[in-house]
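Using my numbering, you'd call the opening residue of the sequence shown number 7 and step up by one each time.
Notes follow the structure.
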Amino acid sequence: MGENRGRGRGWVPSGIRRAALRIDAATPPERDRSVDALRALAILGVVLGHWLVTALVADGATLRAASPLGAMPGLAPVSWVFQTLAVFFMVGGHVATRGWTSARARGGTYGAWLAGRMVRLFLPVAAVTAVWTVAAAGLVLGGASFVTVHTVVKLALSPLWFLLVFAVLTAATPLLLRLGPLWPLAVVLHVDLVRFGLDGPAWLGWVNVAAGWLVPYTLGAAWTRGELEGPRAGRVLLVGGTVATALLVGCAGYPASMVGVPGAAVSNLDPPTLAAVTFGLAQCGLALLLRDRLRRAMRAPLVWAVVALLNLSAMTVFLWHQTALMATTAVGLLAGRLDGLHTAPDGPRWVAARLLWLPVFALVLAVCRAAFHACERGPRAPRGRATRVVRVQHRRDRAGSKAARGA
Numbered sequence: 007m008g009e010n011r012g013r014g015r016g017w018v019p020s021g022i023r024r025a026a027l028r029i030d031a032a033t034p035p036e037r038d039r040s041v042d043a044l045r046a047l048a049i050l051g052v053v054l055g056h057w058l059v060t061a062l063v064a065d066g067a068t069l070r071a072a073s074p075l076g077a078m079p080g081l082a083p084v085s086w087v088f089q090t091l092a093v094f095f096m097v098g099g100h101v102a103t104r105g106w107t108s109a110r111a112r113g114g115t116y117g118a119w120l121a122g123r124m125v126r127l128f129l130p131v132a133a134v135t136a137v138w139t140v141a142a143a144g145l146v147l148g149g150a151s152f153v154t155v156h157t158v159v160k161l162a163l164s165p166l167w168f169l170l171v172f173a174v175l176t177a178a179t180p181l182l183l184r185l186g187p188l189w190p191l192a193v194v195l196h197v198d199l200v201r202f203g204l205d206g207p208a209w210l211g212w213v214n215v216a217a218g219w220l221v222p223y224t225l226g227a228a229w230t231r232g233e234l235e236g237p238r239a240g241r242v243l244l245v246g247g248t249v250a251t252a253l254l255v256g257c258a259g260y261p262a263s264m265v266g267v268p269g270a271a272v273s274n275l276d277p278p279t280l281a282a283v284t285f286g287l288a289q290c291g292l293a294l295l296l297r298d299r300l301r302r303a304m305r306a307p308l309v310w311a312v313v314a315l316l317n318l319s320a321m322t323v324f325l326w327h328q329t330a331l332m333a334t335t336a337v338g339l340l341a342g343r344l345d346g347l348h349t350a351p352d353g354p355r356w357v358a359a360r361l362l363w364l365p366v367f368a369l370v371l372a373v374c375r376a377a378f379h380a381c382e383r384g385p386r387a388p389r390g391r392a393t394r395v396v397r398v399q400h401r402r403d404r405a406g407s408k409a410a411r412g413a
């Protein structure tokens, strides 16, 4: 064990404390650490949300997906806390527009900039796809039922829809530099009016997959332009989004849950509805208001080191968190049907048991991260200590920040 020293931090091993101090020292002083903190919170929200509302029920030799939100609609507020995709898209839009502005200022080409971003997005996808191709083939050859294979493969690869949308918006970044969020918001509004008000075709809702997530993405572009720096913007988004969502849920019949519920007639997320978008605006407003507090919190070297390293593993964590859940579920079957893992999510007992499984999921995810994080770093990333990786990324972001301020 490391030697314990420091005021109020005796529980932290000295080796970890020294590593945190190195990462903190490698960070340029002008870096906006709140951006990293918001991205980390968004990723953790998605991961914990999936772990809390996704159940694999063992029905004989078959596994089927279920959600506690179906049997316990009173848990809908859980989705309000952990459905954080809007914040992720806002931060992604901010980072992408800042990065493109920096690349353009350095004389870089659009093709080179986009290729670099696509490699960082999709190289980790190749690993998870390859693993699950082999796993699915093994399940089929082993005699697993079609329902089981379909359930686990769908859950494992479900995060990929997000990457496809994010990649399309990233590719369109040069066109979105000056686009405001009101335009895509108007598209979402009209799509829902036709779908629900005029009994239009259900397929029309898929237009909102792009338009709905374009709203927070363009908020990120507005952040880069310096239009969201004061507290007024955050307050308007928070209050306006909250009131609009409450009216849509309370008066217009939109679901209270901000994630899909199996068997429900309408999902707020699949495809996104106007309620999901207004809720996302409220979340983004709250995130903007929290920036100063997050900046202060990130001054603690240990806290900042955790956030920085989580950002370096963001894609790996996102892509493998459902696999961690399913691996735990599969191994747990060797001990029989376990509460909170294989049983139907139909009451408070399941919720209490599921909370106890969260640390196990996190441990298995850490193993996945150790095994596959190299795919996220890419072939040109330094292979030294984590602080070297952080330093390189910070230099890139610092150049982006300077270019954005000069644009």
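Even glycine gets a Cβ: it sits at the ideal position worked out from N, Cα and C.
Query                                                                                              : Result
Segment limits, beta strand (DSSP E) that includes A71                                             : 68–72
Euclidean distance between Cα positions of V373 and V323                                           : 10 Å
Where P277 falls: helix, strand or coil (DSSP)                                                     : coil
Range of the contiguous alpha helix (DSSP H) that encloses D352                                    : Where D352 is concerned, there is no enclosing alpha helix (DSSP H), given that its DSSP letter is neither H nor E.
Option nearest V313 by Cα separation, candidates T33, A25, I22, D42                                : D42
At least three beta-carbon pairs within less than 8 Å, the stretch 302–318 to the stretch 22–30    : yes
Within the stretch 184–235, ranges of the alpha helix (DSSP H) (whole runs, at least 4 residues)   : 188–198, 213–230
A82, enclosing alpha helix (DSSP H) - first and last residue                                       : 82–88
Closest Cα partner of M6 within the set L47, G21, V18, P19                                         : Nothing about residue 6 can be reported from this structure: the residues present for the chain run from 7 to 413 only.
Three-state class that DSSP yields for D65 in the structure shown                                  : strand
Pair within 7 Å by beta-carbon distance, W57 and M264                                              : no
Three-state secondary structure assigned by DSSP to G19                                            : Strictly speaking, residue 19 in this sequence is Pro, with Gly absent from that position. Here P19 sits in strand by DSSP.
Residue closest to L62, alpha-carbon to alpha-carbon, out of P74, L54, S108                        : P74
Counted within 10 angstroms of its Cβ, other Cβ atoms place V395 as buried (16 or more) or exposed : The predicted model places V395 with a pLDDT of 47, which falls under 50 and marks its position as unreliable; any figure quoted below should be read in that light. Buried is the call here.
Residue of T135, V215, A118, L287 minimising C-alpha distance to G246                              : L287
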